[in-house]
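Colleague: Under our numbering, think of the first position of the sequence shown as 2, with each following residue one higher. Just passing along the structure, written as structure tokens.
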Amino acid sequence: MASIALKRTGQKMPLVGFGLWKVNKDTCADTVYNAIKAGYRLFDGACDYGNEKEAGEGLRRAIADGLVKREDIFITSKLWNTSHKYEHAKAAAKYQLNLWGIDYFDLFLIHFPIALEYIDPSVKFPAEWWGLDGKIHPVKVPYSETWKAMEELVDEGLAKNIGMSNAQGSLILDVLSYARIEPAVLQVEIHPYLTQEPLIKLCKLLNIAVTGYSSFGPQSYVELGASKGAAGLLEHDTIKSIADKNGKTTAQVLLRWAIQRGIAVIPKSNNHERLVSNLAVTSFELPADEIATISGLNIGLRLNDPIDLDPSLGGLGIFA
Ligand SMILES: NC(=O)c1ccc[n+]([C@@H]2O[C@H](COP(=O)([O-])OP(=O)(O)OC[C@H]3O[C@@H](n4cnc5c(N)ncnc54)[C@H](OP(=O)(O)O)[C@@H]3O)[C@@H](O)[C@H]2O)c1
Numbered sequence: 002m003a004s005i006a007l008k009r010t011g012q013k014m015p016l017v018g019f020g021l022w023k024v025n026k027d028t029c030a031d032t033v034y035n036a037i038k039a040g041y042r043l044f045d046g047a048c049d050y051g052n053e054k055e056a057g058e059g060l061r062r063a064i065a066d067g068l069v070k071r072e073d074i075f076i077t078s079k080l081w082n083t084s085h086k087y088e089h090a091k092a093a094a095k096y097q098l099n100l101w102g103i104d105y106f107d108l109f110l111i112h113f114p115i116a117l118e119y120i121d122p123s124v125k126f127p128a129e130w131w132g133l134d135g136k137i138h139p140v141k142v143p144y145s146e147t148w149k150a151m152e153e154l155v156d157e158g159l160a161k162n163i164g165m166s167n168a169q170g171s172l173i174l175d176v177l178s179y180a181r182i183e184p185a186v187l188q189v190e191i192h193p194y195l196t197q198e199p200l201i202k203l204c205k206l207l208n209i210a211v212t213g214y215s216s217f218g219p220q221s222y223v224e225l226g227a228s229k230g231a232a233g234l235l236e237h238d239t240i241k242s243i244a245d246k247n248g249k250t251t252a253q254v255l256l257r258w259a260i261q262r263g264i265a266v267i268p269k270s271n272n273h274e275r276l277v278s279n280l281a282v283t284s285f286e287l288p289a290d291e292i293a294t295i296s297g298l299n300i301g302l303r304l305n306d307p308i309d310l311d312p313s314l315g316g317l318g319i320f321a
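What follows is the structure, given as structure tokens:
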């Protein structure tokens, strides 16, 4: 499995993993089990996805059946916005490890640089964006406070690597000014409509590995009614003609475009055939001119922007 060596630990993060957002709860355990059988070695979870318990069941079944050992699998999880306070952050990680039924995460990320009012898991889990009154409640918690808790998770052996998600250059540079343990990974939205070249270049300079999410662009947002009217990339003429030329599917071309630029990908599928084909992207190469043609589709379209949830709340404007 092609991988990226992470800074500090040198741990190898697979270039292609499986994304767990919107993986149905009732089929999640089987999906994870079958994904492991198909060769996936990285799973990208989060508190917010609401299926960590089921994903853990699939993982533990695969280990019990002798398909893999725990150390063969790279598990990523994320800290939700309502747990940014120091004491909540550490408790949340432990709560999530318990759901997975594992002793450590290979990578733990701060999901968004947005702190929201705390909601105890006994009251609502996952807490999601909205408080009990149906409104979003940003609170003031410095990122440095959350980062300190993340570092202590490493000290305690609960996370091997830590990182950031949905962060821009200025926040990354700020974290580097005080971090005792630097972020190893940045996970952000990347697809041909949002190519993020300057951010990727910065991460390369800083030796921070980049994982791109929503590699298929609008596809993931159609079911949420949030694809912003953008034409699908999987059906895009440019991607289609490159796929035909290379004898690949459009999905494979979109994934290959990312990994050939050194970006890890974590496609999600609830369909086994698609899940298998998404993994088969490490053994062919797209010519440089085709990579450039695909990058030329960039229109700066960000599909996952929290400000869209409530444009009146400035505290959500992390990409402004
Ligand atoms: N850090 C963050 O804030 C953040 C945000 C978003 C996502 N993520 C992570 O990134 C992962 C991937 O992103 P994503 O789930 O937004 O989107 P994605 O993987 O780009 O796209 C998923 C969509 O594409 C479809 N699909 C998958 N494989 C396909 C194929 N080969 N051919 C045609 N359609 C295909 C899926 O439908 P079917 O299921 O029906 O196949 C689903 O509708 C997430 O699962 C999550 O782990 C992180």
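Note that the Cβ used here is the ideal one computed from N, Cα and C, for glycine as well.
Less than 9 Å between the C-beta atoms of residue 228 and residue 108, yes or no?
Modeller: Reading the sequence shown from its first residue, position 227 is the one you call residue 228. Reading the sequence shown from its first residue, position 107 is the one you call residue 108. No, the Cβ-Cβ distance between residue 228 and residue 108 is not below 9 Å.
Colleague: For residue 268 and residue 279, I'd like the C-alpha separation in whole angstroms.
Modeller: In the sequence shown, residue 268 corresponds to position 267, counting from 1. In the sequence shown, residue 279 corresponds to position 278, counting from 1. For residue 268 and residue 279, the distance between alpha carbons rounds to 7 Å.
Colleague: Compare the Cα-Cα distances from residue 38 to each of 24, 54, 19, 25 and report the closest residue.
Modeller: Against the sequence shown, residue 38 aligns to sequence position 37. Of the candidates 24, 54, 19, 25, the one whose C-alpha sits nearest the C-alpha of residue 38 is 19.
Colleague: Cutting at 8 Å between CB atoms, please list the residues of its own chain near residue 87, excluding the five before and the five after it.
Modeller: As a first step, residue 87 is located in the sequence shown; it is residue number 86 there, counting from the start. The residues are 146, 147, 149, 150.
Colleague: Where residue 258 and residue 295 are concerned, what is the direct C-alpha to C-alpha distance, given to the nearest angstrom?
Modeller: Position 257 of the sequence shown holds residue 258. Position 294 of the sequence shown holds residue 295. When rounded, the distance between both Cα atoms is 8 Å.
Colleague: Between the alpha carbons of residue 277 and residue 126, how many angstroms are there, rounded?
Modeller: Taking the sequence shown and counting its residues from 1, one reaches residue 277 at position 276. Taking the sequence shown and counting its residues from 1, one reaches residue 126 at position 125. Roughly 31 Å separates the two Cα atoms.
Colleague: Is the beta carbon of residue 254 within less than 8 Å of some heavy atom of ligand 1?
Modeller: What you label residue 254 is simply residue 253 of the sequence shown in a count that begins at 1. No, since every heavy atom of ligand 1 falls outside the 8 Å radius drawn around the Cβ of residue 254.
Colleague: Can you give me the C-alpha to C-alpha distance between residue 281 and residue 33, rounded to a whole angstrom?
Modeller: On the sequence shown, position 280 is the one that residue 281 refers to. On the sequence shown, position 32 is the one that residue 33 refers to. Each residue's Cα considered, the two are about 17 Å apart.
Colleague: Can you tell me whether DSSP reads residue 324 as helix, strand or coil?
Modeller: This structure does not reach residue 324, given that the chain is present from 2 up to 321, and the question cannot be answered.
Colleague: To the nearest whole angstrom, what separates the beta carbons of residue 68 and residue 105, a pair I think is in contact under 8 Å?
Modeller: Indexing the sequence shown from 1 puts residue 68 at position 67. Indexing the sequence shown from 1 puts residue 105 at position 104. The pair is not a contact, with the Cβ atoms about 20 Å apart (cut-off 8 Å).
Colleague: Rounded to whole angstroms, what's the CA-CA distance from residue 139 to residue 168? Just pull it up for me.
Modeller: Taking the sequence shown and counting its residues from 1, one reaches residue 139 at position 138. Taking the sequence shown and counting its residues from 1, one reaches residue 168 at position 167. So the alpha carbons of these two residues sit roughly 17 Å apart.
Colleague: Do residue 142 and ligand 1 come close, with the Cβ less than 8 Å from some heavy atom?
Modeller: Looking up residue 142 in the sequence shown gives position 141. No; taking the cut-off as 8 Å, the Cβ of residue 142 has no heavy atom of ligand 1 nearer than that.
Colleague: Is any heavy atom of ligand 1 found at a distance shorter than 8 Å from the C-beta of residue 52?
Modeller: Start at 1 with the first residue of the sequence shown, and residue 52 comes out as number 51. For ligand 1, not one heavy atom lies less than 8 Å from the Cβ of residue 52.
Colleague: Run through the DSSP bridge pairs and tell me what residue 197 is partnered with.
Modeller: Taking the first residue of the sequence shown as 1, we reach residue 197 at position 196. In DSSP, residue 197 forms no bridge with anything.
Colleague: Tell me, to the nearest whole angstrom, how far the beta carbon of residue 187 is from that of residue 211; I am working on the premise that it is less than 8 Å.
Modeller: To locate residue 187, count along the sequence shown from 1; it is residue 186. To locate residue 211, count along the sequence shown from 1; it is residue 210. Rounded, the Cβ-Cβ distance is 5 Å, consistent with contact.
Colleague: Which residue comes first and which comes last in the alpha helix (DSSP H) that contains residue 222?
Modeller: Numbered from its first residue, the sequence shown carries residue 222 at position 221. Looking at the DSSP string, the run of the alpha helix (DSSP H) that includes residue 222 is 220-223.
Colleague: What are the boundary residues of the beta strand (DSSP E) that includes residue 107?
Modeller: Working through the sequence shown from its first residue, we reach residue 107 at position 106. It spans 106-111 - the beta strand (DSSP E) in which residue 107 sits, taken as one unbroken run.
Colleague: DSSP beta-bridge partners for residue 56?
Modeller: Residue numbering aside, residue 56 sits at position 55 when the sequence shown is read from its first letter. DSSP lists no partner for residue 56.
Colleague: When burial is assigned at 16 or more other CB atoms within 10 Å of the CB, is residue 285 buried or exposed?
Modeller: To locate residue 285, count along the sequence shown from 1; it is residue 284. The residue in question, residue 285, is exposed, as its Cβ has fewer than 16 Cβ neighbours within 10 Å.
Colleague: DSSP beta-bridge partners for residue 269?
Modeller: Residue numbering aside, residue 269 sits at position 268 when the sequence shown is read from its first letter. Beta-bridge pairing links residue 269 to no other residue.
Colleague: Leaving out the 5 sequence neighbours to the left and right, which residues in its chain are closer than 8 Å to residue 179 when beta-carbon positions are compared?
Modeller: Residue mapping note: residue 179 aligns to position 178 of the sequence shown, counting from 1. So the list reads 145, 148, once near-sequence residues are dropped.
Colleague: Which value, in whole angstroms, describes the spacing of the CA atoms of residue 287 and residue 261?
Modeller: In the sequence shown, counting from the first residue as 1, residue 287 sits at position 286. In the sequence shown, counting from the first residue as 1, residue 261 sits at position 260. Those two C-alpha atoms are separated by around 8 Å.
Colleague: Can you give the Cα-Cα distance for residue 1 and residue 306, rounded to whole angstroms?
Modeller: An answer regarding residue 1 cannot be provided, because it is not within the stretch 2 to 321 covered by the chain.
Colleague: Could you please give the first and the last residue of the uninterrupted beta strand (DSSP E) stretch that includes residue 189?
Modeller: The residue labelled residue 189 in the question sits at position 188 within the sequence shown. Residues 186-190.
Colleague: Taking all protein chains shown into account, do 16 or more other C-beta atoms lie within 10 angstroms of the C-beta of residue 45, making it buried, or fewer, making it exposed?
Modeller: Within the sequence shown, the letter at position 44 stands for residue 45. Per the 10 Å Cβ criterion, buried.
Colleague: In whole angstroms, what is the alpha-carbon distance linking residue 47 and residue 95?
Modeller: On the sequence shown, residue 47 is found 46 positions in, with the first residue counted as 1. On the sequence shown, residue 95 is found 94 positions in, with the first residue counted as 1. Answer to the nearest angstrom: the Cα atoms are 13 Å apart.
Colleague: Going by DSSP, what residue range makes up the beta strand (DSSP E) through residue 211?
Modeller: Residue 211 sits at position 210 when you count from the first residue of the sequence shown. Looking at the DSSP string, the run of the beta strand (DSSP E) that includes residue 211 is 210-214.
Colleague: May I ask which residues mark the beginning and end of the alpha helix (DSSP H) holding residue 289?
Modeller: Counted from its first residue, the sequence shown places residue 289 at position 288. Note, residue 289: alpha helix (DSSP H), 289-296.
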